[in-house]
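Protein chains in written order, with my numbering: chain A, 1 to 399; chain B, 1 to 127.
Okay, here's the thing in structure tokens:
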């Protein structure tokens, strides 16, 4: 130890807070760290208050020497941050001097910072600094996990808000949907009602009077317009119905349904149409009957509408075949057919391939939408002047 | 079919009442046709008078009491009050829910679409 003191550079390195007092407890030397906190040439008692041992130590050399085996905690009187140092006294030079070797006593990094202490201010052997580091690391980890916890909570809350928002939006959408359904229903009814009364009155006129040929012609034209408008309203209603109403599966006989619909169309069109069904033995399917009825009505009435007027045997073919997991149906006609550039657009909304014939441009669009709803598919092939085949599929469903 | 056939038309749109009356008269000139513009008026009449052997043509969408409400009230009446009468909905509604609901009433014989045709009247009456 004596040797050490001579090499003040070394002792500075080992105990940067060391100091040496003489027999009168006058501080005669301070370590490089301690010297930052005090002037030299000051008495021990002026500089330090003995915090520990709490009793029995007086501010005399002899008293300190007799307690030299004890650990001292000295607080720096001139330091406003209550910095203390902890260490032991070692007698030097036949008890003429006392060497204090120790280290600052701090509990946290904050305290270190407050006193501008660096790691190099601590005694080289001081485990306190390592402990402090560990505590610090722990604290940081804790802080991180705390932050992560807060992040998670926040994230959770965000998700909860999102799902609440989604629910509100869903409810709004449901409400809008049902309102729209009602709206379309009311509008179609209120538009249709006066139209139908005009239609009825016209029928009355045609029935009751021998009309002048011009008057008859004009009234027939008016009747045509009314029928067209009525058809548009019906199709708009059909579209909205398909879009909004839930699919309603039931067993029904496809052959019978097709025959019924063909019958209805033939009654209306007043044309000697041939219907040629090619069906398998089993024609019962499990699907949405009212949607399939809409679909068949659209396809059959197209075949009627786009027939070749010059031929004597306009006909509609309807075939059904059963495959692995789906049914395939083909509606074929020997009508006017169409060119490829028209063919590829016929399933578009409001697309009309011909301005010569009445239509809304909705029929095939609705048909495609119906099959979308039912998990099926639709396609078309056509030869101009020869006829058109519309093929659609439906998944085979189990009840 | 009896010759003294009676019809009761209930429709808030008076043009339809006129039109349907004309169509009925076209088929059966001597038919008695009564028209009401509200369910309430029709109901008051049904309560005050025997309406046996009458064909009712009832619109569905009407203000205040609609056609369903009217059929509902008529169903509550004692059977002899409406003996031999037939009830039809006659509507411009395309809604299949209306059709299903209309046909779910025991006393309702059919669901007809406006405007009623001469053929339909012949079919209903056998004239």
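C-beta: ideal position from N, C-alpha, C; glycine also.
### Query
Since residue 89(A) sits in a beta bridge, which residues does DSSP pair it with?
Counting from 1 along the first chain, the entry for residue 89(A) is found at position 89. In the DSSP output, where bridge partners are listed per residue, residue 89(A) has 100(A).
### Query
Below 8 Å, can you find three or more Cβ-Cβ pairs linking the segment 357-366 of chain A to the segment 296-314 of chain A?
yes
### Task
Closer than 7 Å, Cβ to Cβ, to anything on chain A: give me those residues from the segment 84-98 of chain B, in chain order.
92, 93, 94, 95 and 96
### Message
Taking CB distances under 8 Å as the criterion, tell me whether residue 189(A) reaches chain B.
### Response
The count along the first chain starts at 1 and reaches residue 189(A) at position 189. Yes, residue 189(A) lies at the interface with chain B (some Cβ there is under 8 Å from its Cβ).
### Message
So that I know if they touch, is there some Cβ in chain B lying closer than 8 Å to that of residue 199(A)?
### Response
As a working mapping, residue 199(A) is identified with position 199 in the first chain. With 8 Å as the cut-off, residue 199(A) counts as an interface residue toward chain B.
### Message
Can you check which of these residues, 82(A), 35(A), 139(A) and 267(A), is closest to residue 111(A) by C-alpha distance?
### Response
Walking along the first chain from the start, residue 111(A) turns up at place 111. Minimum Cα distance to residue 111(A) is reached at 82(A).
#### Entry: Within chain A, partners of residue 23(B) - CB distance below 9 Å
Counting from 1 along the second chain, the entry for residue 23(B) is found at position 23. Neighbours of residue 23(B) on chain A, chain order: 200, 203, 204 and 207.
#### Entry: residue 142(A), DSSP secondary structure in three states
Residue numbering aside, residue 142(A) sits at position 142 when the first chain is read from its first letter. Note: residue 142(A) maps to helix in three-state DSSP.
### Task
Indicate whether residue 76(A) and residue 44(A) have their beta-carbon atoms separated by less than 8 Å.
Here the question's residue 76(A) lines up with position 76 in the first chain. Here the question's residue 44(A) lines up with position 44 in the first chain. It is not a contact, given that the beta carbons lie outside the stated cut-off.
### Query
Going by beta carbon distance, what residues of the same chain come within less than 8 Å of residue 126(A), once the five residues before and after it are set aside?
Looking up residue 126(A) in the first chain gives position 126. Taken in chain order, the residues that qualify are 103.
### Query
Which word fits residue 119(A), buried or exposed, when buried means at least 16 other C-beta atoms lie within 10 angstroms of its C-beta?
Within the first chain, numbered from 1, the residue matching residue 119(A) stands at position 119. That one is exposed.
### Message
Suppose contacts are defined by Cβ-Cβ distances below 8 Å. Is residue 192(A) in contact with residue 233(A) by that definition?
### Response
Taking the first residue of the first chain as 1, we reach residue 192(A) at position 192. Taking the first residue of the first chain as 1, we reach residue 233(A) at position 233. Result yes, Cβ atoms of residue 192(A) and residue 233(A) sit closer than 8 Å.
### Simplified DSSP assignment, three categories, for residue 280(A)
What you label residue 280(A) is simply residue 280 of the first chain in a count that begins at 1. If DSSP states are grouped into helix, strand and coil, residue 280(A) belongs with coil.
### Query
Starting from residue 50(B) and walking both ways along the alpha helix (DSSP H), at which residues does that stretch end?
The residue labelled residue 50(B) in the question sits at position 50 within the second chain. Taken as a continuous stretch (DSSP letters only), residue 50(B) belongs to no alpha helix (DSSP H), as it is neither H nor E.
### Query
Under a three-way DSSP split, which group does residue 94(B) fall into?
In the second chain, counting from the first residue as 1, residue 94(B) sits at position 94. Residue 94(B): coil per DSSP, three-state reduction.
#### Entry: Test item: CB-CB of residue 27(A) and residue 42(A) under 8 Å
Indexing the first chain from 1 puts residue 27(A) at position 27. Indexing the first chain from 1 puts residue 42(A) at position 42. It is a contact, given that the beta carbons lie within the stated cut-off.
### Task
Could you pull the start and end residues of the beta strand (DSSP E) that residue 332(A) belongs to?
Within the first chain, residue 332(A) is the residue found at index 332, counting from 1. Taken as a continuous stretch (DSSP letters only), the beta strand (DSSP E) holding residue 332(A) covers 326-333.
### Query
Are at least three pairs of beta-carbons, each pair with one atom in the segment 310-326 of chain A and one in the segment 31-47 of chain B, less than 8 Å apart?
Segments in contact, no.
### Task
May I ask you to report which of helix, strand or coil DSSP gives residue 114(B)?
Along the second chain, read from residue 1 onward, the residue named residue 114(B) stands at position 114. Note: residue 114(B) maps to coil in three-state DSSP.
### Task
Identify which residue in 350(A), 330(A), 242(A) and 17(A) has its Cα closest to the Cα of residue 380(A).
The count along the first chain starts at 1 and reaches residue 380(A) at position 380. Considering only alpha carbons, the answer is 330(A).
### Query
Taking a cut of 9 Å between CB atoms, which residues from the segment 220-243 of chain A lie near chain B?
Residues 233, 234, 237, 238 and 241.
### Whole-angstrom C-beta distance between residue 29(B) and residue 203(A), which should lie under 8 Å
As a working mapping, residue 203(A) is identified with position 203 in the first chain. As a working mapping, residue 29(B) is identified with position 29 in the second chain. For a cut-off of 8 Å, the C-beta gap from residue 203(A) to residue 29(B) is around 18 Å, too long to register as a contact.
### Task
Closer than 7 Å by beta-carbon distance: list the chain A residues that pair up with residue 61(B), in chain order.
Translated into positions along the second chain, residue 61(B) becomes position 61. Ordered by position in chain A, the residues that pass the 7 Å Cβ test against residue 61(B) are 189.
### Task
Have a look at the DSSP bridge pairing and note the partners of residue 22(A).
For the purposes of this step, residue 22(A) is taken as residue 22 along the first chain, with counting starting at 1. Paired residue(s): 97(A).
### Query
Given that a residue counts as buried once 16 or more other Cβ atoms are within 10 Å of its Cβ, and exposed if not, what is residue 54(B)?
If you number the second chain from 1, residue 54(B) lands on position 54. Burial check for residue 54(B): the Cβ neighbour count within 10 Å reaches 16 or more, so the residue is buried.
### Query
Whole-angstrom Cβ separation of residue 60(B) and residue 98(B), contact assumed at under 8 Å?
For the purposes of this step, residue 60(B) is taken as residue 60 along the second chain, with counting starting at 1. For the purposes of this step, residue 98(B) is taken as residue 98 along the second chain, with counting starting at 1. The beta-carbon separation of residue 60(B) and residue 98(B), rounded to 6 Å, stays under the 8 Å limit for a contact.
### Query
Closest by CA to residue 76(B), which one among 27(B), 18(B), 23(B) and 43(B)?
As a first step, residue 76(B) must be located in the second chain, where it is residue number 76. Of the listed residues, the one whose Cα sits closest to residue 76(B) is 43(B).
### Message
For residue 194(A) and residue 241(A), I'd like the C-alpha separation in whole angstroms.
### Response
On the first chain, position 194 is the one that residue 194(A) refers to. On the first chain, position 241 is the one that residue 241(A) refers to. Approximately 22 Å, taken between the alpha carbons.
### Task
Have a look at residue 351(A) and residue 342(A) and give me their C-alpha separation to the nearest angstrom.
Translated into positions along the first chain, residue 351(A) becomes position 351. Translated into positions along the first chain, residue 342(A) becomes position 342. For residue 351(A) and residue 342(A), the distance between alpha carbons rounds to 9 Å.
### Task
Can you pull the chain B residues whose beta carbon is under 9 Å from the beta carbon of residue 367(A), in chain order?
Taking the first chain and counting its residues from 1, one reaches residue 367(A) at position 367. Ordered by position in chain B, no residue passes the 9 Å Cβ test against residue 367(A), which lies about 18 Å from the chain.
### Check whether residue 198(A) and residue 236(A) have beta carbons under 8 Å apart
Along the first chain, one-based indexing puts residue 198(A) at 198. Along the first chain, one-based indexing puts residue 236(A) at 236. The answer is no: Cβ separation not under 8 Å.
#### Entry: Of the listed residues 9(B), 27(B) and 110(B), nearest to residue 118(B) (C-alpha basis)
Counting from 1 along the second chain, the entry for residue 118(B) is found at position 118. The candidate whose alpha carbon is nearest that of residue 118(B) is 27(B).
### Message
In whole angstroms, give me the CA-to-CA distance for residue 377(A) and residue 289(A).
### Response
For this step, residue 377(A) is matched to residue 377 along the first chain. For this step, residue 289(A) is matched to residue 289 along the first chain. Going from the Cα of residue 377(A) to the Cα of residue 289(A) covers about 16 Å.
### Task
Closer than 8 Å by beta-carbon distance: list the chain A residues that pair up with residue 114(B), in chain order.
Translated into positions along the second chain, residue 114(B) becomes position 114. Neighbours of residue 114(B) across chain A, judged by C-beta separation under 8 Å: 193, 196, 197 and 200.
### Message
With H, G and I counted as helix, E and B as strand and the rest as coil, what does DSSP make of residue 387(A)?
### Response
Working through the first chain from its first residue, we reach residue 387(A) at position 387. In this structure, residue 387(A) counts as strand in the three-state DSSP scheme.
### Message
Measuring straight from C-alpha to C-alpha, what distance separates residue 37(A) and residue 78(A)?
### Response
As a first step, residue 37(A) is located in the first chain; it is residue number 37 there, counting from the start. As a first step, residue 78(A) is located in the first chain; it is residue number 78 there, counting from the start. Each residue's Cα considered, the two are about 8 Å apart.
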